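Residue numbers (this note's numbering): 2 to 294.
We treat Cβ as the ideally placed atom computed from N, Cα and C, and that holds for glycine.
Quick caveat, the model's predicted, so the values are computed rather than measured.
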Amino acid sequence: MIPNRNAILQRQQQLDPQRDYLEICHWLAGYEFPWDMTRSLELALLRTFCIPSVADLLNRTGEFRHHAQKRYDDTGIVVSELFKWGYHSSRGQAALQRMNAIHRHFLIRNDDYCYVLSTFVLEPIRWCERYGWRSLTPTEMQACFYFWRVIGQQMGIHDLPSTYEDLDHFNREYEQQHFRFANSNQQVANATRRMLLSWFPPGVRSLINPAIPALLDAPMLTALGWTPAPAPLPQLVRSLLILRSQVQRYLPPRQSPDFFVDQAIRSYPHGYDISDIGPPALLERLNQQNPQD
């Protein structure tokens, strides 16, 4: 039986984040904050669209215009496989190799790689601080850093910040230097927005649509070319998220995992295989080549 919340937290605090980051992140993503992790990584995705060099590549591939749901699901599957099984496992290695094989087909700047990686570390931490049923502890924050730093190294990213604090500094400085409006930012973000709206019944989409920007800060809204949510909505959305977190504090801990891959996945209603992951135009080539090619 899974222990109570305090016992889980105490156990996490006894672990070494530089050694036990796989175990710590497994619990964070699958048991402690599964819903929050998914929402925060959606926000991280939107943040990356604020960098024109990132958005331009995504826009040129057409993946978000034509296959937004699959692109979203494929990202969620790869991240979830790594959280659930760890990159040392056969499944984790397969997911990591698939991601690397996809990336090798595109010219991606190393600094952009670093920035995207930084959002995967920092946005869940920032989200939980604002809207989680508790904030992440320093041990858990460090574990997230080491988890993604090792993955970054296995992706071939070089010059990664060597500490959590350096990564946070890099992230903020990169956004200050590179967040600016571009048509490609808006096009990719709009395609993602349409995808998010498609999750709701047609009758309520007109109500949801103006609320989507409610959690975005001013630099993001400017870079994406989005109109801010109407004045009452940002505070209302934040209040509802805080209320959810307050209720959740009194609920018993999760008894079974709830990773992204444990849920029904829209693009793969009958299940998926790693050979399904990737842009449709590249699938045949990806499935013919060796992982190291």
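Compute the distance between the beta-carbons of residue i and residue j, then report whether it is under 8 Å.
i       : j       : result
Cys-51  : Asn-184 : no
Ile-152 : Tyr-88  : yes
His-68  : Leu-283 : no
Glu-124 : Leu-44  : yes
Ser-81  : Phe-261 : yes
Whole angstroms is fine: what's the gap from residue i's alpha carbon to residue j's?
i       : j       : result
Pro-301 : Phe-34  : Only positions 2 to 294 of the chain appear in the structure, and residue 301 is not among them; the question remains open.
Leu-59  : Met-196 : 15 Å
Ile-78  : Ser-246 : 26 Å
Pro-220 : Gln-289 : 42 Å
Glu-166 : Pro-211 : 35 Å
Pro-270 : Arg-66  : 21 Å
Val-55  : Tyr-22  : 28 Å
Pro-53  : Tyr-114 : 13 Å
Pro-41  : Trp-128 : It is worth fixing the name first, because residue 41 is Ser in this sequence and not Pro. When rounded, the distance between both Cα atoms is 6 Å.
Using DSSP with H/G/I as helix, E/B as strand and the rest coil, what is residue i?
i       : result
His-106 : coil
Glu-156 : Note on identity: in this sequence residue 156 is Met, with Glu being the wrong assignment. Three-state DSSP puts Met-156 in coil, outside helix and strand.
Asp-37  : helix
Ala-224 : helix
Pro-203 : helix
Ser-91  : helix
Could you check if residue i is buried or exposed, using at least 16 other CB atoms within 10 Å of its CB as the buried criterion?
i       : result
His-27  : buried
Thr-228 : exposed
Arg-72  : buried
Trp-36  : exposed
Arg-286 : exposed
Would you mind working out which of the options sits nearest residue i, comparing C-alpha positions?
i       : options                            : result
Gln-94  : Leu-284, Thr-120, Gln-289, Ile-275 : Ile-275
Arg-12  : Leu-83, Thr-138, Ser-41, Arg-150   : Thr-138
Phe-238 : Thr-223, Thr-76, Pro-214, Thr-193  : Going by the sequence as given, residue 238 is Val instead of Phe. With distances taken between Cα atoms, Val-238 lies closest to Pro-214.
Ile-158 : Tyr-165, Ile-278, Leu-118          : Leu-118
Arg-20  : Thr-193, Val-248, Arg-150, Ala-192 : Arg-150
His-104 : Thr-76, Leu-83, His-170            : Thr-76
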